[in-house]
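One structure is given here, and the rest of the page talks about it.
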Amino acid sequence: MQNKKLPFAVIVLAAGEGKRMESKLSKVLHRIAGKPMIVRTIEILKRVNPYEIIIVANPQNLVAIKKEIPQDVKYTIQKSPLGTADAASCGLKLVDKNMLTVAVMYGDDSAFYRPETILEVFKHHQDSDATLTFVTVKKDDPTDFGRIVRKDGKVVSIVEEKDTSAVQKKINEVNASLYFFDKRWLLQNLTKIKPSPVTSELYITDLIAIATGDNQKVETFPLGDENEWQSVNTKEELLAVNLNFQKRIHIMGIAGAGAAAIAGIAKATGFEVTGCDLNPKSPYTQNLKIKIRSGHNPSHIEDIGMLVISPAVLKFNPKNQELKYAKEVQIPILTWQEFQGKYLQKDKFVICVAGAYGKSTTTTMIAKTLTDLGKDPTCEIGATVLEWQQNFRVGKSNYYVCEAGPIKNLSVKLKKMVLS
1 MQNKKLPFAV
11 IVLAAGEGKR
21 MESKLSKVLH
31 RIAGKPMIVR
41 TIEILKRVNP
51 YEIIIVANPQ
61 NLVAIKKEIP
71 QDVKYTIQKS
81 PLGTADAASC
91 GLKLVDKNML
101 TVAVMYGDDS
111 AFYRPETILE
121 VFKHHQDSDA
131 TLTFVTVKKD
141 DPTDFGRIVR
151 KDGKVVSIVE
161 EKDTSAVQKK
171 INEVNASLYF
181 FDKRWLLQNL
191 TKIKPSPVTS
201 ELYITDLIAI
211 ATGDNQKVET
221 FPLGDENEWQ
231 SVNTKEELLA
241 VNLNFQKRIH
251 IMGIAGAGAA
261 AIAGIAKATG
271 FEVTGCDLNP
281 KSPYTQNLKI
291 KIRSGHNPSH
301 IEDIGMLVIS
311 PAVLKFNPKN
321 QELKYAKEVQ
331 IPILTWQEFQ
341 GKYLQKDKFV
351 ICVAGAYGKS
361 TTTTMIAKTL
371 TDLGKDPTCE
381 IGATVLEWQQ
391 NFRVGKSNYY
401 VCEAGPIKNL
411 SVKLKKMVLS
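Sequential numbering of the sequence shown, starting at 1, is according to UniProt numbering.
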């Protein structure tokens, strides 16, 4: 993503034991969509391209992490589990003396960050001339997370879940575990942190209170998408993030009518959608508000859970580099018709219109009839419907109306339509 190395170092905390995972495997080595969490974190950072990456491991997981990430990073060990501040201190010893800025992040919970977001946080930190900048996110259920305490809108401190009062537990703005520090200030203040009276650990989050108490400039960066930061502390949470990762889809050949409609429906039903096309400008994509790249490149699919393609790719460009990369790293590949049948039409009453001519007109007529009858269908149509100003609609009912190509491409069983 960045050709030139950026002027900051990143310390990745990977020494935590992760006892709640109830596993002999180190927490950061548990897998999301086939890759260890820490591998995904490092891959994201390499696309950001900081000056250096330092991984803080523990004596038990160092060898295993090195096996997964053998090159282009520095390693150090936190000998005893004394907390995140102690781990950061271990990593800080390896930071290049010329670096003025240091980022600290976790090797597990950071696997969903977008490289673009990390770059934005770094730029915000630089432009604001802050001593400390950290990322926050609002959660419907903030349980287990460090709460952001504010006074008159300004951040005062982060209080870890174990130390929160009854009032603080109600705060839904939480710490998303990505920090940027002025290195000199960090060196001078890590030693001021006192052990938690509850756990005896040294929390890196205590630096926020130290900075605000010393009238240093502290900036927060609110995440626009709460799904970019997902905590993984239990097997149940690991399962949940794996399911969420599958919802990151990339549609290759998105500018076509069918693929564009599927993109719009998928986005509206909870999927995180990106796309690409040799000619991305299309009347079907102009109102989707989806990131669409020109051409095909493996970099488009480095952090997705599923590749959705136009059948034309398989027919006319089977050696496509995106397709090849997806196969190499075992990203699931579905045609958009298969994706529609498996995910969007699941548990739906599907009305599918096939044939050589007149499909769009017939499909629109059925969709219009159902809509006028108050059936509120979801619809995928091969042409723009003037009333909708697009070629799809998302309804709340069980009806799903779609346009199909040749019979061999149908991915759902046809059902008899009953109107009442």
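All C-beta atoms, glycine included, are put in the ideal place defined by N, C-alpha and C. Please read these numbers as outputs of a predicted model, since none were measured by experiment.
Distance from the CA of Q390 to the CA of P318, rounded to the nearest whole angstrom, comes to 30 angstroms.
In this structure Y400 touches T378 by the C-beta definition: roughly 5 angstroms separates them, less than 8 angstroms. P298 sits in a helix when the DSSP states are folded into three classes. If you draw a straight line from the Cα of P195 to the Cα of L202, it is about 5 angstroms long.
Taken in chain order, the complete beta strand (DSSP E) segments of 3 or more residues contained in the UniProt domain "Mur ligase N-terminal catalytic" (248–343) are 248–252, 272–277, 291–294, 306–309, 333–335. Excluding its 5 nearest sequence neighbours in each direction, V28 has C-beta neighbours in its own chain below 6 angstroms: A14, M37, I38, G107, D108, listed in chain order.
Excluding the 5 residues flanking it on each side, S89 has same chain C-beta neighbours closer than 7 angstroms at L190, in chain order.
Contiguous beta strand (DSSP E) elements confined to the segment 368–408 occur at 378–385, 390–393, 399–403, taking only those with 3 or more residues. Between D206 and A85 a beta carbon distance of about 7 angstroms is seen, short of the 8 angstroms cut, so the two are scored as contacting. Around the beta-carbon of Q345, 16 or more other beta-carbon atoms lie within 10 Å, marking it buried.
The Cβ atoms of I42 and I69 sit closer than 8 angstroms to each other. Shown here, L238 sits in a helix according to DSSP, grouped into three states.
Its Cα nearest to that of V12, the residue L92 stands out among R20, G18, L92, N3. Of the other Cβ atoms in all chains shown, 16 or more fall within 10 Å of the Cβ of T363; this residue is therefore buried. DSSP, reduced to helix, strand and coil, places K27 within a helical segment of the structure shown. In this structure, E322 lies near H300, with their beta-carbon atoms less than 8 angstroms apart. Between the segment 238–255 and the segment 163–176 there are fewer than three inter-stretch CB-CB distances shorter than 8 angstroms, so the stretches are not counted as touching. Rounded to the nearest angstrom, the gap between the Cα atoms of I351 and N398 is 11 angstroms.
Counted as a single uninterrupted DSSP element, the beta strand (DSSP E) harbouring I54 occupies residues 50–57. Here DSSP, grouped into helix, strand and coil, assigns K19 to helix. In chain order, Y51, M99, L100, T101 place their CB closer than 8 angstroms to the CB of P7, counting only its own chain and leaving out the 5 sequence neighbours on each side. Between the C-alpha atoms of L288 and I44 there is a straight-line separation of about 26 angstroms.
Contact check for V353 and L223: beta-carbon distance about 42 angstroms, past the 8 angstroms limit, so the pair fails to qualify.
Taking a cut-off of 8 angstroms on C-beta distances, the segment 230–246 does not touch the segment 279–294, as fewer than three cross pairs fall below it. Nearest C-alpha to K170 among F181, Y179, G146: G146. Around the CB of D303, 16 or more other CB atoms lie within 10 Å, so the residue is classed as buried.
Residue nearest to G305 within the set I292, K324, P332, V313 is P332 (criterion: CA-CA distance).
Under DSSP, L13 takes part in a beta bridge, and its partners are V56, Y106.
In the three-state reduction of the DSSP assignment, K74 falls in the strand class. The C-beta of M365 has fewer than 16 other C-beta atoms within 10 Å across all chains shown, which makes the residue exposed. If you compare the alpha carbons of E272, S26, T220, L239 with that of S177, the shortest gap goes to T220.
In this structure, P280 keeps its C-beta atom at 8 angstroms or more from the C-beta atom of I262. The secondary-structure analysis by DSSP pairs C90 with nothing; it has no beta-bridge partner.
Between I54 and A9, the C-beta spacing is below 8 angstroms.
In this structure, A260 is the residue among G153, A260, K97, L186 with its C-alpha nearest to the C-alpha of F392. Per DSSP, the continuous beta strand (DSSP E) segment holding P222 begins and ends at 218–222.
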